[in-house]
Amino acid sequence: MSSNEYAELPLRRKIWFAIFGCLQNSMVGGMLYRMGLH
């Protein structure tokens with residue numbers, strides 16, 4: 002996705018993508034952390 006396409010997204014969708022990205026990153030980080038503990 003190019004920056005132009007991103008700029009054209011509605012603000013609400015941008016916020017949703019940002020929140021979802023943070024959640025996804027924390028879930029992936031948590032999974033890697035748990036895998037490292039086992």
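Its first residue numbered 2, the sequence shown is counted upward by one per residue in this note's numbering. From the three backbone atoms N, C-alpha and C, an ideal C-beta is built for every residue, glycine too.
Taking 6 Å as the cut-off, is the C-beta of M28 nearer than that to any heavy atom in the ligand COA?
With respect to the ligand COA, the structure offers nothing, as it holds no ligand at all.
Per-residue DSSP class, three states only, for S3
Numbered from its first residue, the sequence shown carries residue 3 at position 2. Three-state result, S3: coil.
What span of residues does the alpha helix (DSSP H) with L10 cover, start to end?
Here residue 10 refers to the residue found at position 9 of the sequence shown. No alpha helix (DSSP H) holds L10; DSSP gives it neither H nor E.
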